[in-house]
Amino acid sequence: MITQKPIFYAGLLALIIVLPFLFPTYGVQLAAMWLMIIVAMTWDMTGGQMGYNSLGNIFFYGTGMYVAALVFIGFSHDIGQYTDASGGGSFQFTDAQYFTGLFLGLIAAGFFCAVSAVVIGMLIFGLRGPYFAIGTLAVAIAAGELVSNWDWVGGGQGIALPIYPGDIDVGKKFFYFMFAGLGVSVFIFLKWLYTTRFGAAINAIRDDEEKAEAMGIHTMWYKLTTWAISAFFVGIAGGLSAFQLIHFEPLESAYQTINLGIFMVVCVLLGGKGTLWGPVIGAIVFHLFKEITWAYLLGWQWVALGGLIVVTVVYFQDGFMGWLKHQKPEWFGIRVEDSSTGKAGTAE
Amino acid sequence: MNQIFSNISLLFEFPVVNISILLEGLMIGSLFALSAYGLALVWGVMNVKNLAQGDFVVAGGYVSWFFSQYGMHPLFGVPLAFVIMWGIGWVIYKTVISRVIERDLFTSLLATFGLAIMMAQLMNLMFGSDTQSIKLEFETLYFFDDFVSIPIAKLIGVIMALSLAAAVITFMKTSRMGQAIRATAQDARAARVMGIDTEKIYAFTFSLNSAICGAAGAIIVMVWLIQPFYGITYSIRAFVIVTAAGLGNLPGVIAAGLGIGALEQYGSHIFGIGYQQAIAVLLLLFVLFIRLLQQRRSRQALR
Chain A
1 MITQKPIFYA GLLALIIVLP FLFPTYGVQL AAMWLMIIVA MTWDMTGGQM
51 GYNSLGNIFF YGTGMYVAAL VFIGFSHDIG QYTDASGGGS FQFTDAQYFT
101 GLFLGLIAAG FFCAVSAVVI GMLIFGLRGP YFAIGTLAVA IAAGELVSNW
151 DWVGGGQGIA LPIYPGDIDV GKKFFYFMFA GLGVSVFIFL KWLYTTRFGA
201 AINAIRDDEE KAEAMGIHTM WYKLTTWAIS AFFVGIAGGL SAFQLIHFEP
251 LESAYQTINL GIFMVVCVLL GGKGTLWGPV IGAIVFHLFK EITWAYLLGW
301 QWVALGGLIV VTVVYFQDGF MGWLKHQKPE WFGIRVEDSS TGKAGTAE
Chain B
349 MNQIFSNISL LFEFPVVNIS ILLEGLMIGS LFALSAYGLA LVWGVMNVKN
399 LAQGDFVVAG GYVSWFFSQY GMHPLFGVPL AFVIMWGIGW VIYKTVISRV
449 IERDLFTSLL ATFGLAIMMA QLMNLMFGSD TQSIKLEFET LYFFDDFVSI
499 PIAKLIGVIM ALSLAAAVIT FMKTSRMGQA IRATAQDARA ARVMGIDTEK
549 IYAFTFSLNS AICGAAGAII VMVWLIQPFY GITYSIRAFV IVTAAGLGNL
599 PGVIAAGLGI GALEQYGSHI FGIGYQQAIA VLLLLFVLFI RLLQQRRSRQ
649 ALR
């Protein structure tokens with residue numbers, strides 16, 4: 001098992017790299033799958049590992065979109081005039097402006113979201129369980145409603161960004177590799193994080209916060225840091241989506257509470273909460289399900305998705321990894337006679 | 349910004365406008381209180397936080413609207429929505445809710461969220477995404493030199509809401525079933541020991557909640573608008589009210605319901621109609637925050 005691991009990861013990496021060349025027509029969908037993986041993995045940081053089920057992580061996605069777009073525009077033009085003309089043809093971006101603005105925007109989106117996670121977290125981390133979920137949901141809905149009334153950032157019409165300069169196919173691959181790079185970085189980062197003392201601390205918060213605090217763990221600091229990290233990545237992913245989508249508006253695409261905001265939770269539940277691979281597998285399965293229902297069940301796709309949520313939550317809550325853990329405990333190092341191998345799966 | 353100030357100064361220049369806004373808010377608030385009472389009932393009895401609450405309201409409205417298209421008088425829509433939503437609530441209880449009662453609270457929250465998405469979309473497919481309402485052929489009463497207008501339809505709606513609330517409360521206080529429900533809410537295990545079939549109580553309570561919401565929706569469609577995707581804001585409002593008032597606090601639920609109705613009307617008068625949904629949601633955050641501060645004094649978390 002140990003010797004096979006590097007081969008497995010190398011093969012996976014190779015697959016990630018060749019995938020957009022194998023299926024060139026599905027570039028956008030593949031990038032969307034990475035987006036789903038990223039938001040699911042980051043949701044699992046608070047939801048699965050720390051036990052704080054947020055329904056409002058979509059707030060960081062939308063905020064990341066807006067911050068990235070505004071920084072991008074503000075780098076080259078006046079934001080108020082740009083949104084007034086709703087991105088009309090009179091505003092040109094050179095290639096250098098496009099890429100510098102894009103990277104500055106993504107970095108700004110990440111840090112802005114991390115800071116706002118700390119601020120919001122300080123206000124609402126005293127809430128537990130369902131109150132936390134409802135509170136975060138309220139933050140996301142309120143943000144969407146407020147932004148849609150704010151004319152300076154385009155109001156209900158949203159913002160239109162320039163398309164990728166250069167060839168369209170190259171643009172698709174560019175965004176695919178941006179998303180894939182971000183996703184792989186998040187995965188590696190989390191794989192490392194969950195083995196550290198930090199990972200143990202947030203698991204302790206999930207299992208019993210009072211006891212964790214009594215043991216001397218500064219729970220508030222850990223909660224804020226975890227949420228800020230997850231917000232940082234979601235913010236960057238949101239910023240990337242803004243450039244990929246070209247046009248976005250507040251309620252349906254940026255603060256899409258009932259779309260992506262709930263999908264990320266379902267992905268994690270489908271794959272298995274509190275595991276490293278669970279969100280990844282769940283996101284891939286869910287994305288395939290979503291694309292297939294979108295393609296073949298026109299009009300009924302939402303009913304199918306709502307049904308999937310209900311069925312997952314009611315009947316299959318341990319998810320794929322939970323099921324696998326039950327079937328093959330030795331794969332997770334849960335063995336009585338040999339406890340030295342692979343501790344990653346023994347979080348429960 | 350200037351618009352906001354001129355809107356505020358309008359309230360002081362013409363005090364009668366206040367009466368008009370307040371009345372409107374109280375009328376709507378009485379309907380919010382009704383659905384919040386149902387939420388508090390389910391929350392208290394079976395510890396399920398129902399995020400599909402608002403979609404029950406909207407579904408009740410569509411039941412009434414649908415049959416009024418075929419010539420039924422809209423006033424009969426209220427009892428009809430009550431009965432039909434009772435049935436729908438029972439089916440939902442048997443298929444979904446009964447399996448999440450024993451689980452942790454986030455499970456019920458997420459399961460009902462999935463239900464909410466499904467219901468909203470089914471209504472969208474069945475009735476279309478346009479806003480709908482029923483026009484009642486009643487006169488409008490005018491007071492204070494026509495500054496305050498009260499359509500009799502709204503008055504009837506409020507009276508129906510009040511009588512429904514009174515009926516439900518009397519039922520809960522006096523009947524044998526109501527007693528059993530209250531006993532289950534206090535201690536389900538003890539109730540089971542005393543020979544109460546708690547499974548039946550749960551099914552009854554959830555159906556009752558759904559029916560109350562349905563009737564409230566049938567009233568709302570007469571005095572206001574419904575749309576398939578309006579559900580979530582009604583759910584949020586119900587959560588605001590219950591969170592502010594606490595469980596099992598009937599006067600509190602009524603007061604909070606009327607209060608949020610009035611606040612929303614004032615808010616949308618001052619900031620513009622576009623902010624109406626945002627105000628409902630921000631009120632929830634505000635209430636949660638206040639409750640949090642109260643708990644923090646005793647070093648406890650709000651759970």
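Just so you know, the protein sequences line up as chains A and B, in that order.
Note that my numbering has the first sequence beginning at 1, numbered continuously upward.
Note that my numbering has the second sequence beginning at 349, numbered continuously upward.
We put the beta carbon where it would ideally sit given N, CA and C, even for glycine.
| query | result |
| --- | --- |
| A/His287: buried (16+ other C-beta within 10 angstroms of its C-beta) or exposed? | buried |
| Pick out whichever of A/Asn57, A/Trp150, A/Phe23, A/Leu19 has its Cα sitting closest to the Cα of A/Gly235. | A/Asn57 |
| Can you name, in chain order, every residue of its own chain whose Cβ lies under 8 Å from the Cβ of A/Phe174, other than the five neighbours on each side? | Tyr164 |
| In chain order, what residues of the same chain lie with their CB nearer than 8 Å to the CB of A/Gly80, ignoring the 5 residues before and after it? | Trp152 |
| For the region 534–585 of chain B, which segments carrying the beta strand (DSSP E) assignment without a break, of at least 3 residues, lie completely within its bounds, in sequence order? | none |
| Let me see if you follow: with CB-CB separation under 8 Å, is A/Ala347 close to chain B or not? | A caution first: A/Ala347 carries a pLDDT of 43, below 50, which makes its placement in the model too unreliable to give a value. |
| Can you name, in chain order, every residue of its own chain whose Cβ lies under 6 Å from the Cβ of B/Ile367, other than the five neighbours on each side? | Val496 |
| So, for B/Thr381: in the same chain, excluding its five sequence neighbours on each side, which residues have a beta-carbon less than 7 Å away from its beta-carbon? | Just to set this straight, residue 381 of chain B is Ala in the shown sequence, not Thr. Ile589, Val601, Ile602, Gly605, Leu606. |
| Return the CA-CA distance between B/Leu458 and A/Ile309, expressed in angstroms with no decimal places. | 8 Å |
| Taking A/Leu305 as the query, report the chain B residues whose CB atoms sit under 9 Å from its CB, ordered along the chain. | Gly462, Ile465, Met466, Gln469 |
| Starting from the Cα of A/Leu136, find the closest Cα among B/Thr479, B/Leu636, B/Gly562 and give me that residue. | Checking the sequence shown, residue 136 of chain A turns out to be Thr, not Leu. It is B/Leu636. |
| Quick one: which chain B residues come within Cβ less than 7 Å of A/Asn53? | Phe454 |
| Within a Cβ cutoff of 8 Å, which residues of the same chain sit near B/Ala628, ignoring the five residues on either side of it in sequence? | Thr581, Ile584, Arg585, Val588, Ile608, Glu612 |
| Checking the sheet assignment: what are the DSSP bridge partners for B/Ser497? | B/Tyr490 |
| Could you work out which residues of chain B lie near A/Ile134, taking near to mean beta carbons separated by less than 9 Å? | Lys397, Leu399, Leu457, Ile584, Phe587, Thr591, Leu632, Leu636 |
| Can you have a look at B/Leu632 and say buried or exposed, based on whether 16 or more other CB atoms are within 10 angstroms of its CB? | buried |
| To which residues of the same chain is B/Ala531 closer than 8 Å at the C-beta, ignoring the five residues directly before and after it? | Ala538, Ala539, Met542, Ile544 |
| Taking B/Tyr623 as the query, report the chain A residues whose CB atoms sit under 9 Å from its CB, ordered along the chain. | Glu145, Leu146, Asn149 |
| With a cut-off of 8 Å, does the C-beta of B/Val390 fall near any C-beta of chain A? | no |
| Confirm, please, whether the CB-CB distance from A/Phe248 to A/Met45 is below 8 Å. | no |
| Closest to B/Met471 by CA distance: which of B/Gln417, B/Val411, B/Ala501, B/Gly419 is it? | B/Val411 |
| Assuming A/Thr72 contacts A/Gly101 under a Cβ cut-off of 8 Å, what Cβ separation, rounded to an integer in Å, is found between them? | Note on identity: in this sequence residue 72 of chain A is Phe, with Thr being the wrong assignment. Sure, about 4 Å apart at Cβ, within 8 Å. |
| Give the secondary structure of A/Phe91 by DSSP, where H, G and I count as helix, E and B as strand, and everything else as coil. | coil |
| Between the alpha carbons of A/Gly282 and A/Thr42, how many angstroms are there, rounded? | 13 Å |
| Where does A/Lys343 land, buried or exposed, given buried means 16+ other C-beta within 10 angstroms? | Summary for A/Lys343: the model assigns pLDDT 47, below 50, so the residue's position carries little reliability; its value from the coordinates is reported in the next sentence. Its Cβ having fewer than 16 others within 10 Å, A/Lys343 is exposed. |
| How many Å lie between A/Val184 and A/Lys191 at the Cα? | 10 Å |
| Locate the alpha helix (DSSP H) running through A/Val310, then write down its first and last residues. | 301–315 |
| May I have the straight-line CA-CA distance separating A/Thr225 from A/His218, to the nearest angstrom? | 11 Å |
| Just to confirm the assignment, what range does the alpha helix (DSSP H) spanning A/Leu70 have? | 58–76 |
| For B/Phe552, which of B/Gly402, B/Val406, B/Leu371, B/Gly435 has the nearest alpha-carbon? | B/Gly435 |
| Can you round the beta-carbon distance between B/Leu359 and B/Ile498 to whole angstroms, since I take them to be within the 8 Å contact cut? | 19 Å between Cβ atoms; not a contact. |
| Classify A/Phe125 as helix, strand or coil using the three-state DSSP reduction. | coil |
| Can you tell me the Cα-Cα spacing of A/Ala254 and A/Leu298, whole angstroms? | 23 Å |
| Give the secondary structure of A/His218 by DSSP, where H, G and I count as helix, E and B as strand, and everything else as coil. | coil |
| Please list, in chain order, the residues of the region 420–449 of chain B that have any C-beta partner in chain A closer than 7 Å. | Val444, Arg447, Val448 |
| Please report how far the alpha carbon of A/Gly345 lies from the alpha carbon of A/Lys211, in whole angstroms. | Residue placement at A/Gly345 is flagged as unreliable, the pLDDT there being 45, under the threshold of 50; the coordinate-derived value follows with that caveat. Cα to Cα, the separation comes out at about 23 Å. |
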